[in-house]
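Residue numbers (the working numbering): -11 to 76. Backbone N, C-alpha and C define an ideal beta-carbon position, used for all residues, glycine too.
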């Protein structure tokens, strides 16, 4: 992931990510001291064979987290945490 605080945005590139299980998605979360805000979801088609996501409104986010959520996504993280990237 490459990000710029000055531009308040980042670009995430992922290759060869195993698809989420049927009926689930990977959901990205921008996390700060107040909690987590959804940064979007990725289904099986979105991750194969690679994906690029543009993330905006980083503001004071400290990390980008990934969870497995139901196919419709979630309003807060509820599923298994699978990865975290620091934004510092």
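Whether residue i touches residue j by CB criterion (7 Å)
i, j, result
"residue 72", "residue 15", "no"
"residue 13", "residue 31", "yes"
"residue -2", "residue 29", "no"
"residue 20", "residue 50", "yes"
"residue -10", "residue 35", "no"
Own chain, CB closer than 8 Å to residue i, minus 5 neighbours either side, in chain order
i, result
"residue 17", "24, 25, 26, 27, 52, 53, 54, 55, 65"
"residue 48", "20, 21"
First and last residue of the uninterrupted alpha helix (DSSP H) at residue i
i, result
"residue 32", "32 to 35"
Limits of the unbroken beta strand (DSSP E) element including residue i
i, result
"residue 76", "Where residue 76 is concerned, there is no enclosing beta strand (DSSP E), given that its DSSP letter is neither H nor E."
"residue 57", "51 to 58"
"residue 13", "12 to 20"
"residue -2", "-3 to 3"
"residue 38", "38 to 44"
"residue -8", "-10 to -8"
Residue burial classification, residue i (beta-carbon count within 10 angstroms, cutoff 16)
i, result
"residue 8", "buried"
"residue 69", "exposed"
Spatial neighbours of residue i in its chain, beta-carbon cut-off 6 Å, leaving aside the 5 residues before and after
i, result
"residue 1", "40"
"residue 76", "none"
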